[in-house]
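Trainee: Taken in sequence, the protein lines are chains A and B. According to this note's numbering, the first sequence is numbered sequentially starting from 93. According to this note's numbering, the second sequence is numbered sequentially starting from 93. All C-beta atoms in this analysis are idealised placements derived from N, C-alpha and C, irrespective of residue type, glycine included. What follows is a structure written as structure tokens; I'll ask about it next.
Number of protein chains: 2
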Amino acid sequence: MKNSPTELRFTEVSQLTSAIPRAKSNNSPCAACEVRHLAVCSALQDEELKLLDEIVRFVDLSAGDSLFDEGEPAANVYNLTSGTIKLYKLLPDGRRQVTGFLFAGDFLGLAASEDYIYSAEAVTPVSLCKFSRSDLDILMEKAPQLERRLLSLARYELAEAQDQILLLGRKTAKERIASFVLMLSERAVRRGEQDNPVSIPMSRNDIGDYLGLTTETVSRTLTRLRSSRAIVMESDRKVTLVERQVLEEIAEGF
Amino acid sequence: MKNSPTELRFTEVSQLTSAIPRAKSNNSPCAACEVRHLAVCSALQDEELKLLDEIVRFVDLSAGDSLFDEGEPAANVYNLTSGTIKLYKLLPDGRRQVTGFLFAGDFLGLAASEDYIYSAEAVTPVSLCKFSRSDLDILMEKAPQLERRLLSLARYELAEAQDQILLLGRKTAKERIASFVLMLSERAVRRGEQDNPVSIPMSRNDIGDYLGLTTETVSRTLTRLRSSRAIVMESDRKVTLVERQVLEEIAEGF
DNA sequence: CGATACATTGAGGTTTATCAATTTGTGTGG
DNA sequence: CCACACAAATTGATAAACCTCAATGTATCG
Numbered sequence: 093m094k095n096s097p098t099e100l101r102f103t104e105v106s107q108l109t110s111a112i113p114r115a116k117s118n119n120s121p122c123a124a125c126e127v128r129h130l131a132v133c134s135a136l137q138d139e140e141l142k143l144l145d146e147i148v149r150f151v152d153l154s155a156g157d158s159l160f161d162e163g164e165p166a167a168n169v170y171n172l173t174s175g176t177i178k179l180y181k182l183l184p185d186g187r188r189q190v191t192g193f194l195f196a197g198d199f200l201g202l203a204a205s206e207d208y209i210y211s212a213e214a215v216t217p218v219s220l221c222k223f224s225r226s227d228l229d230i231l232m233e234k235a236p237q238l239e240r241r242l243l244s245l246a247r248y249e250l251a252e253a254q255d256q257i258l259l260l261g262r263k264t265a266k267e268r269i270a271s272f273v274l275m276l277s278e279r280a281v282r283r284g285e286q287d288n289p290v291s292i293p294m295s296r297n298d299i300g301d302y303l304g305l306t307t308e309t310v311s312r313t314l315t316r317l318r319s320s321r322a323i324v325m326e327s328d329r330k331v332t333l334v335e336r337q338v339l340e341e342i343a344e345g346f
Numbered sequence: 093m094k095n096s097p098t099e100l101r102f103t104e105v106s107q108l109t110s111a112i113p114r115a116k117s118n119n120s121p122c123a124a125c126e127v128r129h130l131a132v133c134s135a136l137q138d139e140e141l142k143l144l145d146e147i148v149r150f151v152d153l154s155a156g157d158s159l160f161d162e163g164e165p166a167a168n169v170y171n172l173t174s175g176t177i178k179l180y181k182l183l184p185d186g187r188r189q190v191t192g193f194l195f196a197g198d199f200l201g202l203a204a205s206e207d208y209i210y211s212a213e214a215v216t217p218v219s220l221c222k223f224s225r226s227d228l229d230i231l232m233e234k235a236p237q238l239e240r241r242l243l244s245l246a247r248y249e250l251a252e253a254q255d256q257i258l259l260l261g262r263k264t265a266k267e268r269i270a271s272f273v274l275m276l277s278e279r280a281v282r283r284g285e286q287d288n289p290v291s292i293p294m295s296r297n298d299i300g301d302y303l304g305l306t307t308e309t310v311s312r313t314l315t316r317l318r319s320s321r322a323i324v325m326e327s328d329r330k331v332t333l334v335e336r337q338v339l340e341e342i343a344e345g346f
């Protein structure tokens, strides 16, 4: 079993966020959810949360575990309550594109049509709330504001996807890496964590597959940003953004 | 004035689709709309179409005209009834990423938040139905199935965006071009046009900015596909897919 | 503490971009 | 309707960015 400080920390967080609601399961775990304010569930009132309680199931995964694979029937949607997940697509020869990373509070399953259009795998230990799509469809009838919330989420994800398209189509390696560490920082803030230093839960290989680069280019580019004093690597998986303004200008292509 | 065969054809189509509904404007232009079955409007019943009639405004643009620019307040949404539009983002030094092309029946404005997150420009002469977002919000109250339709559209666009992310992050120039001509063909079919030969309304430069390549690479890659007998260029702006199966295998990375 | 996976660094190659010239096509005006 | 002007597309030569292959270093985990 993995006992590194990093992994241990994630395990603890996981136990925390899932243990609390589950302890009072007779008493609405969803109402007590620590990440509810971040999640789709924020659209629901107390009454509707009770309906959620009836259909939610909890899932825990270890780092590296697969949640589902591209092409499988999209039977379920999820809310991530702790940890990090990566979504990815594969080409037949093994080339991989990570289409997104999910963190606590993120919803998983919006882009799903009949089948999942990407695979999902735990990057760290994760805890999830799982809903069958049929249950959720029934709930949406009773709670139309849930549909509005999903539309708003979809719009937000579309905007993010277009930023990623700009990044992949036109930005240099340096610009991509700067954009990436800033994105990590902004998303940490959004879920109430410190913005600096930023934890990097995923490997260099995952970062490369997300940014359309190789592991080696990611590593070299981080080294160059380090040499230029824009960042400091506290460890492989933790970075301090020393010159945020400079990083933002690099990221935007100035 | 533009008198080439190509431009003339587009002008004629434009007059057709816009003239018919406008001629019976007392009698529900939206009900008579030729592209309604393709558009968001297909979600609406006769009664609701009359509400649409009250808030719709018609817009025509010439090739090259701008519809709106990134950063402007997103006051309106649109339905494209004929012609082709490109959406794009710019970096400060002028690098451009085309994030999508729109054809007849396509909806424009889903990803809009407070402000437009991309610029929109007519590639050919176009006709559009224009709705103010506030009017549409009111209509959505009366016709909740419109919201459901938009969510379904957003899901579809998200899936498309992820395919584009895979293309930009991991596919070679040859794979990108093959994917592109197949996409053009598939979208032509969806709106009831012939699947082969396929008309290419946009310039090599626009194609490059969409696929993350330069004009020159687009041109060279088309030449190579032509040499390998997978395609035949009927003209600069029209391509016959000779070996569709081969193109599909190239596009998917086999 | 040793084994293993991950990250970094280096040398060299490939793809695609850049710069430049030519060809082709399109639109305008005579 | 034809010729000229201008824009778009193609082709070629060279360069740069990034990838590939390989070796070394470093952190992690049993």
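Alpha carbon to alpha carbon, how far is A135 of chain B from A111 of chain B? Give it in angstroms, no decimals.
Mentor: Here residue 111 of chain B refers to the residue found at position 19 of the second sequence. Here residue 135 of chain B refers to the residue found at position 43 of the second sequence. Since pLDDT at A111 of chain B reaches only 38, below the 50 mark, its modelled position is unreliable, and the value read off the structure follows with that caveat. Roughly 23 Å separates the two Cα atoms.
Trainee: Kindly indicate if chain A contains any beta-carbon less than 7 Å away from that of K181 of chain B.
Mentor: The count along the second sequence starts at 1 and reaches residue 181 of chain B at position 89. Yes - at least one Cβ of chain A is within 7 Å of the one on K181 of chain B.
Trainee: Alpha carbon to alpha carbon, what distance is there between S219 of chain A and S117 of chain A?
Mentor: Here residue 117 of chain A is taken as the residue at index 25 of the first sequence, counted from 1. Here residue 219 of chain A is taken as the residue at index 127 of the first sequence, counted from 1. Low confidence applies to S117 of chain A: its pLDDT is 45, below 50, so where it sits in the model is not reliable, and the reading given next is rough at best. If you take the alpha carbons of S117 of chain A and S219 of chain A, they lie about 16 Å apart.
Trainee: Using a Cβ distance threshold of 8 Å, determine whether the segment 255-264 of chain B contacts the segment 142-162 of chain B, with at least three qualifying pairs required.
Mentor: No contact exists between the segment 255-264 of chain B and the segment 142-162 of chain B.
Trainee: What span of residues does the beta strand (DSSP E) with F223 of chain A cover, start to end?
Mentor: Here residue 223 of chain A is taken as the residue at index 131 of the first sequence, counted from 1. Looking at the DSSP string, the run of the beta strand (DSSP E) that includes F223 of chain A is V218 to S224.
Trainee: For E213 of chain A, which beta-bridge partners are listed by DSSP?
Mentor: Position 121 of the first sequence, counted from the first residue, corresponds to residue 213 of chain A. Looking at the DSSP assignment, E213 of chain A forms a beta bridge with A:S158 and A:K178.
Trainee: Report, in whole angstroms, the separation of the C-beta atoms of S226 of chain A and A166 of chain A, which I expect to be a contact under 8 Å.
Mentor: Locating residue 226 of chain A in the first sequence gives position 134, where the first residue counts as 1. Locating residue 166 of chain A in the first sequence gives position 74, where the first residue counts as 1. The pair is not a contact, with the Cβ atoms about 11 Å apart (cut-off 8 Å).
Trainee: What are the boundary residues of the alpha helix (DSSP H) that includes S327 of chain A?
Mentor: Here residue 327 of chain A refers to the residue found at position 235 of the first sequence. No alpha helix (DSSP H) contains S327 of chain A, which is instead part of the beta strand (DSSP E) from I323 to S327.
Trainee: Which residues in chain A have a C-beta closer than 8 Å to the C-beta of S205 of chain B? List them in chain order.
Mentor: The residue labelled residue 205 of chain B in the question sits at position 113 within the second sequence. Within 8 Å Cβ-Cβ: R247, Y248 and A251.
Trainee: Check distances from the C-beta atoms of the segment 189-214 of chain A to those of chain B and list, in chain order, the residues that come in under 7 Å.
Mentor: Taking 7 Å as the Cβ-Cβ cut-off against chain B, the residues of the segment 189-214 of chain A that qualify are Q189, T191, L202, A203, S205, I209 and Y210.
Trainee: Hey, how far is the Cα of Q189 of chain A from the Cα of E267 of chain B?
Mentor: To locate residue 189 of chain A, count along the first sequence from 1; it is residue 97. To locate residue 267 of chain B, count along the second sequence from 1; it is residue 175. The alpha-carbon atoms of Q189 of chain A and E267 of chain B are separated by roughly 15 Å.
Trainee: Counting only Cβ-Cβ distances shorter than 7 Å, please list the residues of the segment 232-244 of chain B near chain A, keeping chain order.
Mentor: Those residues of the segment 232-244 of chain B that come within reach of chain A (Cβ to Cβ, closer than 7 Å) are P236, E239, R240, L242 and L243.
Trainee: Just tell me which of A:K142, A:Y170, A:Y210 and A:E285 has its CA closest to the CA of A253 of chain B.
Mentor: In the second sequence, counting from the first residue as 1, residue 253 of chain B sits at position 161. Ranking A:K142, A:Y170, A:Y210 and A:E285 by Cα distance to A253 of chain B puts A:Y210 first.
Trainee: Mapping DSSP to helix, strand and coil, what is D298 of chain B?
Mentor: For the purposes of this step, residue 298 of chain B is identified with residue 206 of the second sequence, where counting begins at 1. D298 of chain B falls in the helix class under three-state DSSP.
Trainee: Would you be able to state if there are at least three C-beta pairs under 8 Å between the segment 237-254 of chain B and the segment 287-299 of chain A?
Mentor: With a cut-off of 8 Å, the segment 237-254 of chain B and the segment 287-299 of chain A do not count as touching, because too few Cβ pairs lie within range.
Trainee: Suppose you measure from the CA of F406 of chain B to the CA of E139 of chain B; what does that come to, to the nearest Å?
Mentor: The question about residue 406 of chain B has no answer here: the residues shown for chain B are numbered 93 through 346.
Trainee: If you measure beta-carbon to beta-carbon, which residues of the segment 130-161 of chain A are closer than 7 Å to chain B?
Mentor: From the segment 130-161 of chain A, no residue has a Cβ closer than 7 Å to chain B.
Trainee: Would you please verify whether the beta carbon of G163 of chain B is less than 7 Å from any beta carbon of chain A?
Mentor: On the second sequence, residue 163 of chain B is found 71 positions in, with the first residue counted as 1. Not an interface residue.
Trainee: In chain A, what lies closer than 8 Å to H258 of chain B by C-beta?
Mentor: Locating residue 258 of chain B in the second sequence gives position 166, counting from the first residue. In the sequence as displayed, the identity of residue 258 of chain B is Leu instead of His. Correct list: K181, L183, Q189 and T191.
Trainee: Compare the Cα-Cα distances from A322 of chain A to each of A:D328, A:E308 and A:Q337 and report the closest residue.
Mentor: As a working note, residue 322 of chain A is residue 230 in the first sequence. Measuring from the Cα of A322 of chain A, the nearest candidate turns out to be A:Q337.
Trainee: Give a yes or no on whether the minimum CB-CB distance between A115 of chain B and chain A is below 7 Å.
Mentor: Residue numbering aside, residue 115 of chain B sits at position 23 when the second sequence is read from its first letter. Note on A115 of chain B: pLDDT 42, under 50, position unreliable in the model; the coordinate value appears next. No, A115 of chain B does not count as interfacial toward chain A.
Trainee: Quick check on this structure: which residue in B:N297, B:G345, B:L305 and B:T309 has the alpha carbon closest to the alpha carbon of R329 of chain B?
Mentor: Counting from one through the second sequence, the residue named residue 329 of chain B turns up at place 237. The option with the nearest alpha carbon to R329 of chain B is B:N297.
Trainee: Check the DSSP bridge columns for T332 of chain B and list the partner residues they point to.
Mentor: Taking the second sequence and counting its residues from 1, the one referred to as residue 332 of chain B is at position 240. BP columns for T332 of chain B point to B:V324.
Trainee: Count the other CB atoms within 10 Å of the CB of D185 of chain B; is the residue buried (16 or more) or exposed (fewer)?
Mentor: The residue you call residue 185 of chain B lines up with position 93 of the second sequence. The residue is exposed, with fewer than 16 neighbouring Cβ atoms inside 10 Å.
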